[in-house]
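All remarks here apply to the structure that follows.
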Amino acid sequence: MSAVKKTVDLAKIINTLKLTGESQARLLQFKKRADDAKIAFVKAQEKANAKIDFAAYNSLLAGSANKNIVSELESYLNNFKPKEDTAALKENLDNLSKFEQEALESAKLTEKAVGEKLLLLRNTIANIENAIPVEEVQVHNVLKADPDFELWMMRLNQNGTVTKIPGYTQRFKNLDPLS
584 MSAVKKTVDL
594 AKIINTLKLT
604 GESQARLLQF
614 KKRADDAKIA
624 FVKAQEKANA
634 KIDFAAYNSL
644 LAGSANKNIV
654 SELESYLNNF
664 KPKEDTAALK
674 ENLDNLSKFE
684 QEALESAKLT
694 EKAVGEKLLL
704 LRNTIANIEN
714 AIPVEEVQVH
724 NVLKADPDFE
734 LWMMRLNQNG
744 TVTKIPGYTQ
754 RFKNLDPLS
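Under the working numbering, residues 584 to 762 are what the sequence shown spells out, in order.
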């Protein structure tokens, strides 16, 4: 069985999908954990591939009674087989599965939110394209858009606050015959 080495460019994925917020943070956390695991794996491989020169130790201890210790250590090291920890592997796979599920749920929520925002933007663009130019707006257009506008203007007029609106008297003539 040959190992297939795959690399994933998370930065490209984040930029392509324009991910932000929690989705981006979780992907970056995952990338950091994966990079840390790769570094630990490489260090472990380097340590495992390091050879001990038992002959040099034997020559140093040639006349000593401790020569047996070097031989025992050499045989112990040559016969050592690491125990497979399937429980830790299962736990890691479970954690990975949970992360994948959370990422999918988060992506679905993001997709839904983006879809809603796109719909609002499309509606806004349609409203802008179909809007009457400001110069052509008439009173009946304003009343149609906001039926409470007439009541609001009547209250402002009764209180005398209409003339306090900046630029009102300069733009509109005073139509009050008593003033």
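Even for Gly, the Cβ is constructed at its ideal location relative to N, Cα and C.
Verify whether the separation of the beta carbon atoms of Phe624 and Phe682 is less than 9 Å. With contacts defined by Cβ atoms closer than 9 Å, Phe624 and Phe682 do not form a contacting pair.
Tell me whether Val653 is buried or exposed, calling it buried when 16 or more other Cβ atoms sit within 10 Å of its Cβ. buried
Whole angstroms are fine: how far does the CA of Asn649 sit from the CA of Phe663? 22 Å
To which residues of the same chain is Lys601 closer than 6 Å at the C-beta, ignoring the five residues directly before and after it? none
Measure the alpha-carbon distance for Ala617 versus Thr669 and round it to whole angstroms. 19 Å
Is Glu667 helix, strand or coil when you go by DSSP? coil
Alpha-carbon spacing of Ala627 relative to Glu694, whole angstroms: Each residue's Cα considered, the two are about 41 Å apart.
Check for me: the alpha helix (DSSP H) holding Glu629 runs from which residue to which? Gly604 to Asn632
Near Ser585, which residues of its chain fall below 7 Å by C-beta distance, leaving aside the five closest residues on each side in sequence? In this predicted model, Ser585 has a pLDDT of only 47, less than 50, meaning its place in the structure is not dependable enough to derive any value.
Looking at Ile635 and Glu657, is the spacing between their C-beta atoms short of 9 Å? yes
With a threshold of 16 other CB atoms inside 10 Å of the CB of Leu660, please say whether the residue is buried or exposed. exposed
Of the listed residues Lys615, Gln684 and Leu703, nearest to Val591 (C-alpha basis): Of Lys615, Gln684 and Leu703, the residue nearest in Cα terms is Lys615.
C-beta contact flag for Ala686 and Arg609 at 9 Å: yes
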